[in-house]
Structures are given as C-alpha cells and as structure tokens.
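Asker:
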C-alpha cells in the first residue's frame, strides 16, 4: 500500500489544477483498475438510461498506480 501523496500541480492560489488536469471520470477509471473490471463496459441503469460510470472521458492514470 502506498503512503499518502499528491499528484499534479495547482495555480498559485491552489484553486485550479494546471498540470496534469484530470477529471472525476479519470479518478473513477483509476480506482476501478485494480479490481480489473473494464470501466469502458461498466454501466448503470438510471432514470431509464444506461449510463457509464466513467462516461466517455475516463482514462486510467497509470502514474498513480505505480
């Protein structure tokens, strides 16, 4: 297990991410990766629509998993 760490950088006020900018979809894809489900195929039925947890934007952040 990894010790707590930070990933990326923010602006001088700590308000916005500047490098690398990741989304909540990237976060979801990354936390699902060790469990090995294919996040591209994982969907949930909600309000009559099949929706993907990672939408179409989620990418696994490999640097965090190392």
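In the numbering used here, the protein residues as written are 2 to 67. Idealized CB from N, CA, C, for every residue including glycine.
Tell me the rounded alpha-carbon separation between residue 38 and residue 32.
Answerer: Position 37 of the chain shown, counting from 1, holds the residue named residue 38. Position 31 of the chain shown, counting from 1, holds the residue named residue 32. Going from the Cα of residue 38 to the Cα of residue 32 covers about 10 Å.
Asker: Less than 8 Å between C-beta atoms, sequence neighbours within five positions excluded: which residues of the same chain meet that for residue 65?
Answerer: Taking the chain shown and counting its residues from 1, the one referred to as residue 65 is at position 64. These residues qualify, in order along the chain: 8, 31.
Asker: Which whole-angstrom value is the C-beta distance of residue 11 and residue 62, which I expect to be below 8 Å?
Answerer: Here residue 11 refers to the residue found at position 10 of the chain shown. Here residue 62 refers to the residue found at position 61 of the chain shown. No, residue 11 and residue 62 are not in contact; Cβ-Cβ is about 16 Å, not under 8 Å.
Asker: Taking the straight line between their C-alpha atoms, what separation do you get for residue 25 and residue 55?
Answerer: As a working mapping, residue 25 is identified with position 24 in the chain shown. As a working mapping, residue 55 is identified with position 54 in the chain shown. One C-alpha to the other measures close to 8 Å.
Asker: What residues are listed by DSSP as bridge partners for residue 52?
Answerer: As a working note, residue 52 is residue 51 in the chain shown. For residue 52, which the question treats as bridged, DSSP gives the partners 45.
Asker: Using the beta-carbon count (16 or more within 10 Å), is residue 29 buried or exposed?
Answerer: Within the chain shown, residue 29 is the residue found at index 28, counting from 1. Residue 29 should be labelled buried.
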